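Worksheet for the structure shown next.
So this is what it looks like as structure tokens:
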């Protein structure tokens, strides 16, 4: 923590980032979630199942629902079978497999409240279990369809970040630049950015880390329509002041970028963040334009696949 | 960018509007959405289907739902037919058309979980497909009814803006005025306005644009009950200072007005915006009163069809 | 507007209240909604049906739902009857009334997706209508149950205000006091109060009104647990400074009180307001305590029926 | 209120805590809800049933739903029985008990809209009641499943607080410290803490209480990932300045800690609070580290069972 820390002596490190200066490894994972493992709790305490379900990959979520549906029906099929299939009308008694099939399908017809009635309960116990199963089915589908809709309608920012953070020429000197753009048909207003940087010595045995909030030229935007190049001017108050190549060689640098905005479609505040590690910071480069007028000059075309495009330039 | 830019030399253009000074065409469309086309993404990435569905016109939305419902039932009808209609009880076998009809109606009765049971599955495959279709139906209607209700209950500001922005006499000089009023039985509190103006040379080849946030006499209102005339006083700090007719002749001007407020019925923040282009700015006019006491003087009557009414007046 | 306006010469009237100084009648009705009638719009534009339904009295809302349900079923009953009851199985053909009854009940069993199947569609047209009715039923109940639940779970502040505003002794002089208390098992945090007063001459022909925001001794409270006596100290900056009895005799005074807070159960911001007119302002009175220790001194008892209790006192 | 109050003479007590200085007993209960009983209202006014249901223990909530379901079905069973079971087809007339059972199950099949149709209404009255019951069932399950899902998806902070507040060495002097950590897979951003302390004389007959908001070294954190040790430095502006052991012996002290943050999964603001009473304040102790690097040093492990771990130390 020697050479580059000298440079920081006049800077006030931030202490309100929520990360500890003695934490290990990358701070944020690529998915924007913190790189922390929790211990000392049982699984029921440890997880918010709502968050698990909301963040699950779509295919896994659908598979989970279908498996839950099939599993519940199998359980009830066995209960009806145990009670006795003579408590159900319309069962095909030809072979055992048909009997099992029919109790399974009776269960699913009850659980979903379809209730064709071709198979129907007649005895007390089967009727009672069916009464309970229909009730349970309504609760099950409350959660299942609630989550299904919540995943569909969940407030998200829908922002694309550039793959790299650049050290680019800016005014008389240079600036750290990150580019972000909305990529869907939503509309973000009152967008705010916070950029934090974590700097620690390359040498693993000394994992002390300093955090700095980087001042940006334009921390707030009224309506986020086109791309937004977030600019942190590198002056004597910046931790990147001086020989930035040397800094990136001797230290692990991680840049956290968080955008907070209001989305009208969702009528809610949305947040998105990403982080850039040392290898993702490119010294001496500037972003290429990513929008252009349409040929009729009546609208502007935003090329989202160019969000990360840059060219090498010399720094002053 | 010659004549009128001179006047701006002492003004600080705003850079945090989210629009680029090199974008083309009108900035906001009439519907308040930005005039931008996105490229470089596949359609699945490009759209937030929630936003598409929420913003769709009512008739299109209903048609979309009905077509989705019919289409799904046709698919399942063919599956049941392919499996074999002998796996279903109660089918009218008289003619092929009747058979097709009955599998279609069986499908719809399963998909909606009505399940009369006149037609019911007996074989394994048909039962299995029906089990799956009922499950799918519940998920389909979770999205369909969720969106249907979300469209009905979505937080919106319900504001009417005047068709024109006026340059009206104000105090000793003049002011830019825009009028807005709530037009429904909702109640907006803590309403805030932001007015931004974009000014660019008429000459298309030089599309450089400057943005200014206009100071307003009263940027915040506690309870928005009657009309609100938003007033931007034209003094030496205003981009409209000087010969405003000349400005409107030589430059493209677009005025963005955004209102943000809290609605108690929705218990949510709501936002609405509009924009006025050069042709919609009227120099030398003032708004006519749009409310009057009731005949018994016990209440106030707000005439919403008069929101844009103005009369020509001479500016000082 | 003579005598008492002199006193106001040194005060800056508020202009951001949202009310016009030339509006007529009481500003807020007793229910906290503004006293304004809207004109110039057709009923579809004029109302947010969501707000209408959310604010409807419970009995009216339930009646509305039931009538909508019965009415829809009658419509569909006639459609099925027009199509021909031979397209339905299980109809009791004994008398016309029984036929009508059975199509009505078939309709309701379809609309709610109960679908017993005792009566079931067999012909193409009846099946098609039933297919559509089940779909419509799901949409109808999406809105009906959505609203039913929204009414039940809608974020509200649940505050009780004192019936009167008092002019009470305070420190060396006097203060305007209003009392408010939460009356349900919810918990309000970060509660803020805004008090505005509207003062206009008694003489109806001169309906010019001045608005003032009243400074309060304690405009914000962290956790609103017991009663909150909102205190506006009457000093030379207050519109009530001087002979307050004279003011109330010669002017119409209306005091608006609005509380805004965060409720954790709803996880939402909630707002409630009320207004006090001249007759509801009592000069020379102070609120009586409304809470007391429990007999075991282990908890505090809040007497909500005493929220408005006061005793007459002499002002200094 | 003698000895320790002298010390407070230079401090400004807070008056905006929402608690009265004359309230009795503990201010917040262990569950974070205020220790207040409400009187003077009937039960319908007194409770927000939404809050009751949302805060109910899970087992009680499920039991309540099941009892409501069974109870409603029993009521309707008796209605159908009173109408006459000859108005229902498919009833098992063998013995009275079977008849009663069958009307009960018919009711449940109607209420849940399963509608097998084995038992189905034929007469006018039974059909009418069934029509109404299916409608009621949809409303009942709107509330039941709405609450069920709301409980599952309700925005909560999921924070664990340390069991004790410590007076620990800090810089040259000492500080009051409280530790908090997120314990689930949610992500809190923009977390803010407010610490308030209530101090009253041990002597019950003199229950005057003073409130102070404690300044913290770091009142806000950007991303709350690891534990957060909230630090209130004890200097001459602190109510704990001087002989803290003496203070805790002669006075009842209660420390309220409230955290407010934004959760992205819920897209909502969340709040959690706790309070520490005199016995839970430990003088001369410091928290032990609760996180450590993983063995591969690639991530950080947070031990949530160590949240309250401390060791005794000497204060300077």
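Protein chains in written order, with my numbering: chain D, 1 to 316; chain B, 1 to 316; chain S, 1 to 316; chain H, 1 to 316. Positions of the beta carbon are idealized from the N, C-alpha and C atoms, including for glycine. Remember, predicted model here, so these are calculated numbers, not experimental data.
Residue from the options with nearest C-alpha to residue i
{"i": "residue 215 of chain S", "options": "S:240, S:200, S:227, S:222", "result": "S:240"}
{"i": "residue 142 of chain S", "options": "S:97, S:202, S:65, S:98", "result": "S:65"}
{"i": "residue 305 of chain B", "options": "B:218, B:179, B:316, B:284", "result": "B:179"}
{"i": "residue 159 of chain S", "options": "H:283, H:295, H:45, H:311", "result": "H:45"}
{"i": "residue 225 of chain B", "options": "B:280, B:189, B:57, B:202", "result": "B:189"}
{"i": "residue 231 of chain S", "options": "S:83, S:176, S:248, S:151", "result": "S:176"}
{"i": "residue 163 of chain S", "options": "S:37, S:70, S:282, S:297", "result": "S:282"}
{"i": "residue 123 of chain B", "options": "D:144, D:93, D:148", "result": "D:93"}
{"i": "residue 181 of chain S", "options": "S:276, S:223, S:147, S:167", "result": "S:223"}
{"i": "residue 68 of chain B", "options": "B:290, B:39, B:108, B:186", "result": "B:108"}
{"i": "residue 125 of chain D", "options": "H:126, H:254, H:264, H:98", "result": "H:98"}
{"i": "residue 61 of chain D", "options": "D:38, D:121, D:147, D:186", "result": "D:147"}
{"i": "residue 228 of chain S", "options": "S:288, S:149, S:56", "result": "S:288"}
{"i": "residue 316 of chain D", "options": "D:35, D:195, D:37, D:242", "result": "D:242"}
{"i": "residue 79 of chain H", "options": "H:29, H:127, H:36", "result": "H:127"}
{"i": "residue 63 of chain S", "options": "S:144, S:171, S:47, S:234", "result": "S:144"}
{"i": "residue 77 of chain H", "options": "H:117, H:100, H:56", "result": "H:100"}
Buried or exposed (CB count within 10 angstroms, at least 16 for buried), residue i
{"i": "residue 102 of chain D", "result": "buried"}
{"i": "residue 59 of chain D", "result": "exposed"}
{"i": "residue 84 of chain B", "result": "exposed"}
{"i": "residue 296 of chain D", "result": "exposed"}
{"i": "residue 71 of chain D", "result": "exposed"}
{"i": "residue 184 of chain H", "result": "buried"}
{"i": "residue 173 of chain H", "result": "exposed"}
{"i": "residue 197 of chain D", "result": "buried"}
{"i": "residue 43 of chain D", "result": "exposed"}
{"i": "residue 298 of chain S", "result": "exposed"}
{"i": "residue 244 of chain D", "result": "buried"}
For residue i, the residue or residues it bridges with in DSSP
{"i": "residue 158 of chain S", "result": "DSSP lists no partner for residue 158 of chain S."}
{"i": "residue 88 of chain H", "result": "H:121"}
{"i": "residue 282 of chain S", "result": "S:166"}
{"i": "residue 34 of chain H", "result": "H:28"}
{"i": "residue 181 of chain H", "result": "H:160"}
{"i": "residue 261 of chain D", "result": "D:270"}
Nonlocal neighbours in the same chain, by C-beta distance under 7 Å from residue i, ignoring five residues either side
{"i": "residue 219 of chain D", "result": "192, 193"}
{"i": "residue 293 of chain H", "result": "300"}
{"i": "residue 251 of chain D", "result": "4, 199, 200, 201, 202"}
{"i": "residue 308 of chain S", "result": "162, 163, 164"}
{"i": "residue 121 of chain H", "result": "87, 88, 127, 130"}
Cut-off 8 Å between Cβ atoms - residues of its own chain near residue i, not counting five sequence neighbours on either side
{"i": "residue 354 of chain B", "result": "Not covered by the structure: residue 354 of chain B. The range shown for chain B is 1 to 316."}
{"i": "residue 113 of chain H", "result": "134, 137, 138"}
{"i": "residue 286 of chain B", "result": "166, 168, 169, 177, 310, 311, 313"}
{"i": "residue 248 of chain H", "result": "278, 281, 283"}
{"i": "residue 303 of chain S", "result": "290, 291, 292"}
Beta-carbon contacts of residue i that lie in its chain and below 6 Å, excluding the five residues immediately before and after
{"i": "residue 260 of chain H", "result": "192, 271"}
{"i": "residue 254 of chain D", "result": "27, 198, 275, 277"}
The stretch 135-154 of chain B: positions lying closer than 8 Å to chain H by Cβ: none
Contacting positions in the stretch 37-52 of chain H - beta carbon closer than 7 Å to chain S: 37, 38, 39, 40, 41, 45, 46, 47, 48, 50, 51, 52
Along the stretch 264-290 of chain B, where does the CB come closer than 9 Å to a CB of chain D? Name the residues. 266, 268, 269, 270, 271, 272, 273
When you check each C-beta in the stretch 237-265 of chain B against every C-beta of chain S, which residues fall closer than 9 Å? 262, 263, 264, 265
Check each residue of the stretch 56-90 of chain S: if its Cβ is closer than 9 Å to any Cβ of chain H, include it; give the result in chain order. 62, 65, 66, 69, 70, 73, 90
Short of 8 Å Cβ to Cβ, which residues in the stretch 153-184 of chain H face chain B? none
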